[in-house]
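Asks: Numbering (the UniProt record's numbering), first residue to last: 1 to 217.
We put the CB at the ideal spot given by N, CA and C, even for glycine.
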């Protein structure tokens, strides 16, 4: 099946380099990207990511070499490699969190949190957020929770980070437990500039703080 071992090994090495350069742990750089390719950030609000562009080109070259190094099952191989590349990092992260990680490093988040905001009156707003966090370690984990606007830059209005007016929120998750965190707050917006008048958002990102340790999810 393999007719060029050097090209085959070279392609595997290149794919490994791509995965290591943007391994999504403990911080997933792709979550703040406007444009991604195979979970590799191409463009953020700061502009193009040169390393991400290089890594994307390297990935394409690696796939070409891989397919040229085998003499059959090209489509099947392509699909299998793409699936492995997509899911292997997540499996490795889960395995690490369940065995060696501790504290906030053992917390996982699917990124499916939601927030909604409604104005009650001038400078007074209802804020409501729901996120689900999973403690994969064998010990209870406590931390402070803050909300962040990952795509917030000049010209945008503050949204999810408005919840921090009533925070930070102290959270404790028992060992090997998944916890739904539902927060509903009355937010006083006096002297808070550049904020929304109402609305909602999905795929909310948060920051976990434990002493001098921080993680953005």
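Run through DSSP, which three-state label would residue 78 get?
Replies: Residue state, collapsed to three classes: helix.
Asks: Taking 9 Å as the threshold (C-beta atoms), are residue 82 and residue 147 in contact?
Replies: No, the pair does not count as a contact, with Cβ atoms beyond the cut-off.
Asks: Compare the Cα-Cα distances from residue 113 to each of 133, 54, 64 and report the closest residue.
Replies: Taking only the C-alpha atoms, the option nearest residue 113 is 133.
Asks: Between residue 14 and residue 71, which are expected to be in contact by the criterion C-beta below 8 Å, what is the C-beta distance as a whole number of angstroms?
Replies: Contact flag wrong, Cβ pair sits at about 20 Å.
Asks: Within the same chain, show all residues whose beta-carbon is closer than 7 Å to that of residue 106, passing over the 5 residues directly before and after it, in chain order.
Replies: Excluding sequence neighbours, residue 106 sits near 97, 135, 136, 137, 141.
Asks: Assign residue 1 to one of three DSSP states: helix, strand, or coil.
Replies: The answer is coil: DSSP assigns residue 1 none of H, G, I, E or B.
Asks: Given a cut-off of 9 Å on the beta-carbon distance, is the pair residue 65 and residue 22 in contact?
Replies: Not a contact, by the Cβ cut-off of 9 Å.
Asks: Cα separation between residue 3 and residue 67?
Replies: If you take the alpha carbons of residue 3 and residue 67, they lie about 10 Å apart.
Asks: Taking residue 162 as the reference, give the member of 173, 175, 199 with the closest Cα.
Replies: Ranking the options by Cα distance to residue 162, first place goes to 199.
Asks: Check whether the stretch 160 to 178 and the stretch 114 to 132 are in contact - that is, three or more C-beta pairs closer than 8 Å.
Replies: Because the criterion of three Cβ pairs below 8 Å is met, the stretch 160 to 178 and the stretch 114 to 132 touch.
Asks: Can you check the stretch 17 to 44 for any beta strand (DSSP E) of at least 3 residues that lies completely inside it and give the ranges in chain order?
Replies: Counting whole runs of 3 or more residues, the stretch 17 to 44 contains the beta strand (DSSP E) stretches 35 to 37, 40 to 44.
Asks: Between which residues of its own chain and residue 19 is the CB-CB distance below 6 Å, once the five residues before and five after are set aside?
Replies: If we look at residue 19 and ignore the five residues flanking it on each side, it has no Cβ neighbours.
Asks: Mind checking residue 6: buried by the 16 CB within 10 Å criterion, or exposed?
Replies: With fewer than 16 Cβ atoms within 10 Å of its Cβ, residue 6 is classed as exposed.
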